[in-house]
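Below is one structure, written out as structure tokens; the observations come after it.
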Amino acid sequence: MTDPVPDLEARVAALEGEASSARVDALNALAHGLGPGEADRIEGLARESLALAGRLGYAPGRAFATALAGYARLLHADPLGALHLLLDAERDRDLLPLELDRWVQQGLAWAHRDLGNFEEVLRVLQALLDRVRADGDALQEAWALIGLSGAATDLDAPRDGLRFGHEALALFDRLGIAGGQARAHVAVGTALCDLGRYAEAKGHHERGLAMARGAGDVATEAQALHALAVLAQAEGAPRDALLLHRVALDLRRGAGLRPDECESLLDIGRALRALGKPKEAVETMERALELAEAVGAKLRASQAHVALAEAYETLGRMGHALRHLRRNEAVREDILGQEMAARLEALSARHAAERALDDAERARRHSDEMGRKNDELEAALAEVHRAQARLVQSEKLASLGRLTAGVAHELKNPLNFVTNFADLSVDLVSDVHDAVADALGGGLPDPLVEDLDTLGANLAKIAEHGRRADGIVRSMMSHARSGPGDRRTVDVHALLRLTVEATRQARLAAGSPAAEVALVLGPDVPPLQAVPEDLGRAVAGLVENALYAVAARCAAEGEGYRPAVTVLTRRDGAVVEVVVEDNGGGLSEEARARAFEPFYTTKPTGEGTGLGLSMAWETVVQGHGGDLVLLDSAPGRATFAVRLPVP
Numbered sequence: 001m002t003d004p005v006p007d008l009e010a011r012v013a014a015l016e017g018e019a020s021s022a023r024v025d026a027l028n029a030l031a032h033g034l035g036p037g038e039a040d041r042i043e044g045l046a047r048e049s050l051a052l053a054g055r056l057g058y059a060p061g062r063a064f065a066t067a068l069a070g071y072a073r074l075l076h077a078d079p080l081g082a083l084h085l086l087l088d089a090e091r092d093r094d095l096l097p098l099e100l101d102r103w104v105q106q107g108l109a110w111a112h113r114d115l116g117n118f119e120e121v122l123r124v125l126q127a128l129l130d131r132v133r134a135d136g137d138a139l140q141e142a143w144a145l146i147g148l149s150g151a152a153t154d155l156d157a158p159r160d161g162l163r164f165g166h167e168a169l170a171l172f173d174r175l176g177i178a179g180g181q182a183r184a185h186v187a188v189g190t191a192l193c194d195l196g197r198y199a200e201a202k203g204h205h206e207r208g209l210a211m212a213r214g215a216g217d218v219a220t221e222a223q224a225l226h227a228l229a230v231l232a233q234a235e236g237a238p239r240d241a242l243l244l245h246r247v248a249l250d251l252r253r254g255a256g257l258r259p260d261e262c263e264s265l266l267d268i269g270r271a272l273r274a275l276g277k278p279k280e281a282v283e284t285m286e287r288a289l290e291l292a293e294a295v296g297a298k299l300r301a302s303q304a305h306v307a308l309a310e311a312y313e314t315l316g317r318m319g320h321a322l323r324h325l326r327r328n329e330a331v332r333e334d335i336l337g338q339e340m341a342a343r344l345e346a347l348s349a350r351h352a353a354e355r356a357l358d359d360a361e362r363a364r365r366h367s368d369e370m371g372r373k374n375d376e377l378e379a380a381l382a383e384v385h386r387a388q389a390r391l392v393q394s395e396k397l398a399s400l401g402r403l404t405a406g407v408a409h410e411l412k413n414p415l416n417f418v419t420n421f422a423d424l425s426v427d428l429v430s431d432v433h434d435a436v437a438d439a440l441g442g443g444l445p446d447p448l449v450e451d452l453d454t455l456g457a458n459l460a461k462i463a464e465h466g467r468r469a470d471g472i473v474r475s476m477m478s479h480a481r482s483g484p485g486d487r488r489t490v491d492v493h494a495l496l497r498l499t500v501e502a503t504r505q506a507r508l509a510a511g512s513p514a515a516e517v518a519l520v521l522g523p524d525v526p527p528l529q530a531v532p533e534d535l536g537r538a539v540a541g542l543v544e545n546a547l548y549a550v551a552a553r554c555a556a557e558g559e560g561y562r563p564a565v566t567v568l569t570r571r572d573g574a575v576v577e578v579v580v581e582d583n584g585g586g587l588s589e590e591a592r593a594r595a596f597e598p599f600y601t602t603k604p605t606g607e608g609t610g611l612g613l614s615m616a617w618e619t620v621v622q623g624h625g626g627d628l629v630l631l632d633s634a635p636g637r638a639t640f641a642v643r644l645p646v647p
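First residue of the sequence shown: 1, per the UniProt record's numbering; consecutive thereafter.
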């Protein structure tokens with residue numbers, strides 16, 4: 001893969017002198033792309049970015065730059081300084097992309113490891129492992145397992161280290177990442193070495209070495225060589241160990257890995273001591289101590305003092321040995337102070353995080369409670385709106401009832417006269433025809449016959465429409481009827497069977513088509529307290545409308561259409577629903593909005609009064625304390641539901 005650093009360098013150069021968030025991002029990206037051998041440059045870029053982000057108030061850039069500065073401190077063997085910066089970055093973790101937040105967690109584990117706080121290493125990495133597993137991030141899971149393997153082995157728990165190492169190796173094998181596979185092999189080999197399983201350990205170290213070389217991973221190559229050298233020393237082969245340590249030293253020096261260079265020098269000194277070369281060992285260890293003090297690697301400096309004390313004791317130079325032991329005591333005090341400070345800072349950060357979580361949980365509970373109350377208020381408001389709609393509808397119907405009662409009463413007698421006299425006049429036309437024919441002594445002139453026939457037909461039409469008007473008046477008077485009927489226990493299913501069949505037979509008797517009606521009767525519908533005549537009329541109106549709709553569609557579309565009318569019942573808590581559904585074409589938006597308005601109808605003139613649904617609504621809502629609603633349904637369908645309370 002092409003090295004991105006030149007492109008990042010060009011981007012930083014192009015933004016030279018610009019005080020912008022883009023320059024902050026460019027500086028951070030370049031620092032993040034540099035290798036561990038360029039610790040000074042990483043720190044310089046991070047500090048420049050941190051200062052610029054602070055002036056701009058660019059919080060995400062500041063958080064990333066803080067983490068990069070902490071990473072640089074780790075490379076400079078300053079774990080306590082790194083810990084301060086990384087904990088600061090962690091406090092702003094919400095501003096960092098997910099992968100950078102995980103990188104910060106890895107850095108925190110590294111800092112705690114270098115401070116000797118291995119329990120804290122395990123805690124940080126276990127928490128990271130839990131999060132990445134929950135997110136399904138296999139790559140970050142594998143790296144977390146590598147860290148856990150090393151921490152467990154350092155805590156004298158090599159069996160756990162071996163388990164974590166094998167899990168990491170399996171993941172890296174599946175992902176096909178050679179550098180990760182190399183690190184995992186070294187982790188497994190290190191745990192096996194602590195368990196005394198040297199042959200297995202050597203196999204893993206050698207595989208790790210080969211894979212690191214193939215991947216161009218110098219740091220892991222040096223680590224594998226160092227692990228092989230430690231293994232050779234444990235197996236009593238100091239010459240092999242010396243050779244391997246020197247190769248590892250050259251790699252580490254070339255890569256600028258100065259704390260690791262200290263480690264190699266110390267191990268070379270130990271190998272020289274084992275080979276009976278104490279003077280060369282002392283010289284090498286003194287170089288290791290000088291380098292450790294130069295880079296601030298206190299743990300390596302302590303190890304160097306102890307090794308030098310042992311070497312000088314072998315040479316009989318007890319004063320030098322004592323001086324190094326005393327200096328080691330001072331270094332150990334500094335290390336313990338750092339460890340304590342790190343533990344306190346980590347504890348403080350954890351306490352702050354837990355307090356923030358508690359605050360967030362309280363805020364969440366408060367938000368949930370407010371949301372619940374809002375839901376209750378919205379439900380109550382919706383119920384108020386429904387009650388208002390029912391009240392308005394009831395008031396409309398009541399006003400309409402008073403109006404129609406008066407109008408119907410005033411129209412009833414004139415309509416009776418119109419109908420009756422029209423019927424009588426039809427008979428009179430016939431009588432006139434016969435009388436004139438007799439008077440003329442034969443047939444009537446054709447024009448006269450035509451006029452009499454026309455007159456008779458007109459009178460018949462007057463009588464027919466008079467009777468229809470009389471029917472409308474009776475319906476209006478029924479609509480205006482006041483006073484409830486007698487309630488009694490009603491078997492809903494028996495009432496539906498009777499109503500559906502009666503409605504179909506009425507249509508057939510009138511010469512109208514009547515499709516089959518599917519009854520789907522729920523098993524848990526109890527008897528209800530109702531006025532059966534009123535409830536039956538309401539359901540009959542719904543079924544009649546459904547049968548009319550499917551008949552009209554069938555006439556329009558022919559044999560390709562399959563009419564379907566369904567009446568079903570079900571219980572929903574304290575409510576019984578009677579649902580009437582048809583596939584007769586559905587309702588337009590206007591029809592849905594005006595469905596329950598009195599006198600509104602979609603039927604052609606002369607085929608509907610527009611009172612059926614409004615009367616049904618009044619019967620169900622006012623007469624039985626229920627509801628009649630038009631449900632949402634699939635295109636081409638209409639679905640009405642009668643909802644009645646269970647006593």
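Glycine included, each C-beta is placed from N, C-alpha and C at the ideal position. Just so it is clear, the structure is predicted and the values come from calculations on it, not from any experiment.
Cα-Cα separation between residue i and residue j, rounded to whole angstroms
i: V449; j: D423; result: 20 Å
i: F164; j: M318; result: 44 Å
i: H84; j: L125; result: 18 Å
i: N458; j: T419; result: 12 Å
i: L228; j: R113; result: 22 Å
i: E369; j: D358; result: 16 Å
i: H324; j: S302; result: 9 Å
i: A382; j: L630; result: 17 Å
i: A201; j: L192; result: 5 Å
i: W143; j: A274; result: 36 Å
i: S430; j: R504; result: 38 Å
i: G116; j: E141; result: 23 Å
i: G316; j: L289; result: 20 Å
i: R41; j: A67; result: 15 Å
Helix, strand or coil at residue i [DSSP, three-state]
i: T153; result: helix
i: D368; result: helix
i: V565; result: strand
i: A639; result: Per the sequence shown, residue 639 should be read as Thr rather than Ala. In this structure, T639 counts as strand in the three-state DSSP scheme.
i: R487; result: coil
i: E18; result: coil
i: L162; result: helix
i: V517; result: strand
i: A77; result: coil
i: A530; result: strand
Residues that residue i bridges to, as DSSP identifies them
i: P645; result: V575
i: L630; result: F640
i: R317; result: None; R317 has no bridge partner.
i: E581; result: T566, T639
Pick from the options that is closest to residue i, judged by C-alpha positions
i: E501; options: V492, A514, T489; result: A514
i: E286; options: S367, A138, C262; result: C262
i: R47; options: G33, L30, G37, A69; result: A69
i: H493; options: D451, A564, L568, P563; result: L568
i: G541; options: R364, T454, F640; result: F640
i: L455; options: H433, A439, R467; result: H433
i: H305; options: V282, L315, D240, R562; result: V282
i: V580; options: V230, A237, L225, E544; result: E544
i: L155; options: F118, G81, L291; result: F118
i: V426; options: K461, L440, P447; result: K461
i: E464; options: F421, G276, R487, H76; result: F421
Residue i classed as buried or exposed, judged by whether at least 16 other C-beta atoms fall within 10 angstroms
i: G483; result: Legend: pLDDT at G483 = 48, less than 50; position of this residue unreliable, no value from coordinates given.
i: N28; result: buried
i: K298; result: buried
i: V188; result: buried
i: Q181; result: buried
i: D267; result: buried
i: D94; result: exposed
i: L30; result: buried
i: G150; result: buried
i: A14; result: exposed
i: residue 653; result: Residue 653 lies beyond the residue range present for the chain, which begins at 1 and ends at 647; the question has no answer from this structure.
i: V550; result: buried
i: T489; result: exposed
Check: residue i C-beta below 7 Å from any heavy atom of the ligand SAM
i: M318; result: In terms of ligand content, the structure shown is empty, and the ligand SAM therefore cannot be addressed.
CB contact below 8 Å: residue i versus chain D
i: A31; result: Chain labels in this structure do not include chain D; a single protein chain is all it has.
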